[in-house]
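Student:
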Amino acid sequence: MQEIWVVMQKEFRQIFRIREMIAIIFVMPLIQMALLGFAISTEVKNVKLVVADQDNSFVSRELVRAFTKVEQFKLVGHVQSEKEIDALIHNWQAQLALVVPKNFGRDLQRGSIPEIQVIVDGMDGQTAGVAMGYAAGVLNDQLQKFLTQPQMRQLLRGVHMVNMQERMWYNPNLSPEQYMVPGIVVLLLTIVSMMLSAMSLVREKEIGTLEQLMVTPLKKHQLIFGKVIPFLILAFVEFMVVLQIAQWIFQIEMVGSLPLLSLLALLYLFATLGLGVFISTITTTQQQAMFVAWFFMVFMIIMGGFLVPIENMPPFLQKLTYINPMRYFMYMMRDIFQKGSSLHYLLKDAIPMTAYGVVIFTASVLKFQKRVS
Amino acid sequence: MIKIENFRKNYGDIQAVRGMCFHVEKGELFGLIGPDGAGKTTLMRAICTLLVPDDGVIEVDGLNVREHVTEIRNLIGYMPQRFSLYQDLTVDENMQFFADIFEVPQDEREQRKKELYRFSHLEAFTKRKAGALSGGMKQKLALSCALIHTPKLLVLDEPTFGVDPVSRQEFWEILHEIQKGGTTILVSTAYMDEADQCDRIGLCFNGEIVGLDTPQKLKNDFKYMIYEIRNENLYRLRDFFARHPEIRTTQLFGDALHVSFLENPTESNWRQYEDEFGDTFTKRSQISPDIEDIFLDLMENHNG
Numbered sequence: 002m003q004e005i006w007v008v009m010q011k012e013f014r015q016i017f018r019i020r021e022m023i024a025i026i027f028v029m030p031l032i033q034m035a036l037l038g039f040a041i042s043t044e045v046k047n048v049k050l051v052v053a054d055q056d057n058s059f060v061s062r063e064l065v066r067a068f069t070k071v072e073q074f075k076l077v078g079h080v081q082s083e084k085e086i087d088a089l090i091h092n093w094q095a096q097l098a099l100v101v102p103k104n105f106g107r108d109l110q111r112g113s114i115p116e117i118q119v120i121v122d123g124m125d126g127q128t129a130g131v132a133m134g135y136a137a138g139v140l141n142d143q144l145q146k147f148l149t150q151p152q153m154r155q156l157l158r159g160v161h162m163v164n165m166q167e168r169m170w171y172n173p174n175l176s177p178e179q180y181m182v183p184g185i186v187v188l189l190l191t192i193v194s195m196m197l198s199a200m201s202l203v204r205e206k207e208i209g210t211l212e213q214l215m216v217t218p219l220k221k222h223q224l225i226f227g228k229v230i231p232f233l234i235l236a237f238v239e240f241m242v243v244l245q246i247a248q249w250i251f252q253i254e255m256v257g258s259l260p261l262l263s264l265l266a267l268l269y270l271f272a273t274l275g276l277g278v279f280i281s282t283i284t285t286t287q288q289q290a291m292f293v294a295w296f297f298m299v300f301m302i303i304m305g306g307f308l309v310p311i312e313n314m315p316p317f318l319q320k321l322t323y324i325n326p327m328r329y330f331m332y333m334m335r336d337i338f339q340k341g342s343s344l345h346y347l348l349k350d351a352i353p354m355t356a357y358g359v360v361i362f363t364a365s366v367l368k369f370q371k372r373v374s
Numbered sequence: 106m107i108k109i110e111n112f113r114k115n116y117g118d119i120q121a122v123r124g125m126c127f128h129v130e131k132g133e134l135f136g137l138i139g140p141d142g143a144g145k146t147t148l149m150r151a152i153c154t155l156l157v158p159d160d161g162v163i164e165v166d167g168l169n170v171r172e173h174v175t176e177i178r179n180l181i182g183y184m185p186q187r188f189s190l191y192q193d194l195t196v197d198e199n200m201q202f203f204a205d206i207f208e209v210p211q212d213e214r215e216q217r218k219k220e221l222y223r224f225s226h227l228e229a230f231t232k233r234k235a236g237a238l239s240g241g242m243k244q245k246l247a248l249s250c251a252l253i254h255t256p257k258l259l260v261l262d263e264p265t266f267g268v269d270p271v272s273r274q275e276f277w278e279i280l281h282e283i284q285k286g287g288t289t290i291l292v293s294t295a296y297m298d299e300a301d302q303c304d305r306i307g308l309c310f311n312g313e314i315v316g317l318d319t320p321q322k323l324k325n326d327f328k329y330m331i332y333e334i335r336n337e338n339l340y341r342l343r344d345f346f347a348r349h350p351e352i353r354t355t356q357l358f359g360d361a362l363h364v365s366f367l368e369n370p371t372e373s374n375w376r377q378y379e380d381e382f383g384d385t386f387t388k389r390s391q392i393s394p395d396i397e398d399i400f401l402d403l404m405e406n407h408n409g
């Protein structure tokens, strides 16, 4: 224990001696979180809408008005022909075009089934799909309103309509921040802890101090723990700070228990720091360590369920995510944050994540040689 | 203190050390002299338990390096070739760190630091970061850190490499002081002129010890006559002498040529050389061999 403490003291001295280090550890993640939190939004808003109202009836004008009333759409202009629509979409001036054909209102009142055309810029498939969904929603609402007017009642005789009542659980306002920000916090925690630990041992290798440390009675686990514990403490403090500030900036709320989240965060850090130290033991220069660390991190971020839900991946890739420690913590973070889950429900993720940390640390200690090759 | 018997170490197909044998006595200042790639660092690392011998036996204070890793690490002070201190820590913090790791008791520690500061003259710089010290001072700090736990054996791998001549001289004086305190010192260097500072030297070449004795004895045993010869056309002069069978070696030393003769040439021999060469030699004087002459001679005549 005494030896670990000696190494820890030295590490802390070195970390705090470099002012830039404090900035890297504390200020940069906060800036990143603020920027990313606002930037990464899956919400589709202000879709640029262009309308070709060839009917120009009361019904068609009401329909267009309904589109302009919701915040998802922003009317950018009226045109006559489809050719003009073509040009507008091509020039990025419009994303969605609504074409109301002649006699739309009349046909509707007569009880026939008139067609209405919606053209979407499908380049960004996800946004296009969401915009299309919104458009269908607006259209249905409007149609329902129209058909339930007293004068239309007779048309509906014998027709039964179902009204869907939606309830969003765990995120009633469908706030994207509520879902994305905890994910970003996990991301930042991972990057900082892995980078710091991946650089730690290899830095001493590079400057040559490791050779001198090797010829001391210091045991290898003492050296590794002495070097990693300061990073564990720093990364944990950072996690707490970022978490509090995130809730304040984005006006989001954590439902679950902070002590439970803290415990799981420590276990997660054990895994990421272990991975970092492992990278440190298999590389010989800081540059190599940096590249290897990024290789792992890109995999972890993409395969961790941060942006793409793991359930949407092909089955064999889903299996691959089980070797990604971020996967487990991402689930648990969101569960605790939004659903307030208790440990009981999280054990299926907590156990493999902890096992991961134990295995990788053991591997690092075994791989690390107190000899030169 | 150190016993090396038939030590071998290969790196892949390369034989870095091929069967070294020698002993270093307690209290001795032993120098390993030789060029880069001679196997000095490999040998020192093996002594420090940093690498395992492929063959042979190495014992430090009666302990085999294969088995008694921790015990050996406790009793030696090692200074690797590359400057290895924490540049972002101060002089005092570096010394404290190594004192902590070696568990030097607090009451002994102050006494020991005082002694080391007396050698190194670093008292005035205790609060300065190691990275801001001059080359010679860094070297002295590294030495102090290696000595903080009062090791029985001090192993220094090319400690004076890249240090200015004045600091080098001062460094050797410090080593002599340490030796007086009873510490055995094994030091390596590529600077041949430093050989005379050692009690005994081992000349390393190509993974072998090609000469082993006190510097004086090695010089006395050198039985060939060395002449220092100067002429404007040194290269032609060298080629000229190299052709003669009665000449053992020819070596260029700056603006002079050192030629060793199997037998002492007579005045008439010299006249004959000048006639054959077609020019007079501007200087010719018998010089006593230094370690470099001996080393080059051994190197040249070692394998062939």
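Going down the list, the protein sequences come from chains A and B.
Taking the numbering used here, the leading residue of the first sequence gets 2, the next gets one more, and so forth.
Taking the numbering used here, the leading residue of the second sequence gets 106, the next gets one more, and so forth.
We put the beta carbon where it would ideally sit given N, CA and C, even for glycine.
Keep in mind it's a predicted model, so treat the numbers as computed, not measured.
Return no unless some Cβ of chain B is closer than 9 Å to the Cβ of P218 of chain A.
Tutor: Cβ-Cβ to chain B under 9 Å: yes for P218 of chain A.
Student: Taking Cβ positions only, does E21 of chain A come closer than 9 Å to chain B?
Tutor: Chain B, which has no Cβ nearer than 9 Å to the Cβ of E21 of chain A, makes this no.
Student: Could you check whether the Cβ of V8 of chain A sits closer than 9 Å to any Cβ belonging to chain B?
Tutor: Interface residue, yes.
Student: At the 9 Å Cβ level, is T288 of chain B part of the contact set with chain A, yes or no?
Tutor: No, no contact with chain A.
Student: I want to verify the contact list: residues of chain C whose CB lies under 8 Å from the CB of Q15 of chain A, in sequence order.
Tutor: The chain inventory of the structure shown lacks chain C, comprising the protein chains A and B.
Student: Taking the alpha carbon of L244 of chain A as the point to measure from, which residue in A:A98, A:M133, A:I337 has its own alpha carbon closest?
Tutor: The candidate whose alpha carbon is nearest that of L244 of chain A is A:I337.
Student: So with CB distances below 9 Å, who are the chain B contacts of E4 of chain A?
Tutor: Per Cβ cutoff of 9 Å: D205, I206, E208.
Student: List the residues of chain B whose Cβ lies closer than 8 Å to the Cβ of T210 of chain A, in chain order.
Tutor: Chain B residues near T210 of chain A: S189, L190, Y191.
Student: How would you list, in chain order, the residues of chain B whose beta-carbon sits under 7 Å from the beta-carbon of M215 of chain A?
Tutor: Under the 7 Å cutoff, chain B gives L155.
Student: Could you tell me which residues DSSP pairs with Q118 of chain A in its beta bridges?
Tutor: Beta-bridge pairing links Q118 of chain A to A:V100.
Student: Please tell me whether I331 of chain B and D398 of chain B are closer than 9 Å, where the distance is taken between their beta carbons.
Tutor: A contact, by the Cβ cut-off of 9 Å.
Student: List the residues of chain A whose Cβ lies closer than 7 Å to the Cβ of R178 of chain B, in chain order.
Tutor: V216, T217, P218, listed in chain order.
Student: Beta-carbon of E333 of chain B versus every beta-carbon of chain A: anything under 9 Å?
Tutor: Answer no: the Cβ-Cβ gap between E333 of chain B and chain A never drops below 9 Å.
Student: Is it buried or exposed for S113 of chain A, if we count other Cβ within 10 angstroms and need 16 for buried?
Tutor: Looking at its Cβ environment, which holds fewer than 16 other Cβ atoms inside 10 Å, S113 of chain A is exposed.
Student: At a Cβ cut of 9 Å, what residues of the region 329-362 of chain A count as close to chain B, listed as they run along the chain?
Tutor: Here the close residues number zero.
Student: Taking 7 Å as the limit between beta carbons, can you name the residues of its chain near M331 of chain A, skipping five residues before and five after?
Tutor: Answer for M331 of chain A: G184, V187, G305, G306, F307, listed in chain order.
Student: For A121 of chain B and chain A, any beta-carbon pair shorter than 9 Å?
Tutor: Answer no: the Cβ-Cβ gap between A121 of chain B and chain A never drops below 9 Å.
Student: Which class does S342 of chain A belong to by DSSP, given the choice of helix, strand or coil?
Tutor: S342 of chain A falls in the coil class under three-state DSSP.
Student: To the nearest angstrom, how far is the alpha carbon of G307 of chain B from that of E212 of chain A?
Tutor: Rounded to whole angstroms, G307 of chain B to E212 of chain A spans 24 Å at the Cα level.
Student: Strictly under 9 Å for the Cβ-Cβ distance: is R168 of chain A near chain B by that measure?
Tutor: Chain B, which has no Cβ nearer than 9 Å to the Cβ of R168 of chain A, makes this no.
Student: What residues of chain A sit near R150 of chain B, judged by a beta carbon separation below 8 Å?
Tutor: Residues of chain A passing the Cβ test: V373.
Student: Need the endpoints of the alpha helix (DSSP H) that D380 of chain B sits in, please.
Tutor: Here the alpha helix (DSSP H) through D380 of chain B covers 372-382.
Student: Could you say which of B:T288, B:E381, B:S393 lies nearest to P320 of chain B if we only look at CA atoms?
Tutor: Nearest of B:T288, B:E381, B:S393 to P320 of chain B, Cα basis: B:S393.
Student: Skipping 5 residues on each side, what residues in its chain have a beta carbon closer than 6 Å to that of G341 of chain A?
Tutor: V256, G257, listed in sequence order.
Student: Hey, V193 of chain A and F251 of chain A are a contact pair by Cβ (cut 8 Å); roughly how many whole angstroms apart?
Tutor: Incorrect: roughly 20 Å between the Cβ atoms, too far for contact.
Student: For the region 351-364 of chain A against the region 119-135 of chain B, are there 3 or more C-beta pairs whose distance is under 8 Å?
Tutor: Output reads no: the region 119-135 of chain B does not touch the region 351-364 of chain A.
Student: Taking only the alpha-carbon atoms, compute the straight-line gap between F147 of chain A and V238 of chain A and give it to the nearest angstrom.
Tutor: Rounded to whole angstroms, F147 of chain A to V238 of chain A spans 58 Å at the Cα level.
Student: DSSP state of D212 of chain B, grouped into three classes?
Tutor: Looking at D212 of chain B - three-state DSSP - the assignment turns out to be helix.
Student: With DSSP collapsed to three states, give me the class of K234 of chain B.
Tutor: DSSP places K234 of chain B in strand when its eight states are reduced to three.
Student: Identify whether G136 of chain B lies in helix, strand or coil by the three-state DSSP scheme.
Tutor: Here G136 of chain B sits in strand by DSSP.
Student: Quick one: is V196 of chain B buried, meaning 16 or more other Cβ sit within 10 Å of its Cβ, or exposed?
Tutor: With 16 or more other Cβ atoms within 10 Å, it is buried.
Student: Name the chain A residues whose beta carbon is nearer than 9 Å to that of T175 of chain B?
Tutor: Within 9 Å Cβ-Cβ: P218, K220.
Student: Chain B beta carbons: is any one of them nearer than 9 Å to that of K368 of chain A?
Tutor: Cβ-Cβ to chain B under 9 Å: no for K368 of chain A.
Student: Can the beta-carbon of G182 of chain B be found less than 9 Å from the beta-carbon of L280 of chain B?
Tutor: Not closer than 9 Å, so no.
Student: Ordered along the chain, which non-local residues of its own chain (more than five positions away) have a Cβ less than 7 Å from that of C250 of chain B?
Tutor: Result list for C250 of chain B: L190, N199, M200, F203, in chain order.
Student: What does the alpha-carbon distance come out to for the pair D384 of chain B and N338 of chain B?
Tutor: Approximately 10 Å between the Cα atoms of the pair.
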